[in-house]
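Throughout the sequence shown, residue numbering follows my numbering, covering -6 to 67 in sequence.
For reference, the structure is listed below as structure tokens.
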Amino acid sequence: DNLTVSGGYRLIKASWKKMKDTNSYNLYYKKEADADFTKIENITENSYQIENLEDNTQYEVFVRGVNANGEGPD
-6 DNLTVSGGYR LIKASWKKMK DTNSYNLYYK KEADADFTKI ENITENSYQI ENLEDNTQYE
54 VFVRGVNANG EGPD
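Right, here's the structure in full:
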């Protein structure tokens, strides 16, 4: 919810609205041309920095909240 991303040299800074009733977050990212996302699990803050990315490459990013009921929708 309210995902904001900004780029830097070989990194993406992602932040999002703190979700009610959420214990952690899972962040997904992939190169625009790729089929599969990479999943980063158990993020406890409402921000994360993805590092060691490729130069001159566009990425797609989304986040999901996780609680006792499992992972929420996009």
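C-beta atoms are modelled at their ideal positions from N, C-alpha and C, and glycine is treated no differently.
### Task
For G1, name the three-state secondary structure that DSSP assigns.
Residue 1 sits at position 8 when you count from the first residue of the sequence shown. Of the three classes helix, strand and coil, the one that applies to G1 here is strand, per DSSP.
### Task
Return the chain-ordered list of same chain residues with a C-beta closer than 6 Å to the C-beta of Y41, the five sequence neighbours on each side being excluded.
On the sequence shown, position 48 is the one that residue 41 refers to. The residues are A7 and L20.
### Query
Does the beta-carbon of Y2 have 16 or more other beta-carbons within 10 angstroms, so that it is buried, or is it exposed?
Numbered from 1 along the sequence shown, position 9 holds the residue referred to as residue 2. It counts as exposed.
### Message
Rounded to the nearest angstrom, what separates T50 and K24 at their Cα positions?
### Response
One-based indexing of the sequence shown puts residue 50 at position 57. One-based indexing of the sequence shown puts residue 24 at position 31. Straight-line Cα distance between these residues: approximately 7 Å.
### Nearest neighbour of K32, chosen from N39, Y22 and A26 [CA to CA]
Start at 1 with the first residue of the sequence shown, and residue 32 comes out as number 39. The shortest Cα separation from K32 among N39, Y22 and A26 belongs to Y22.
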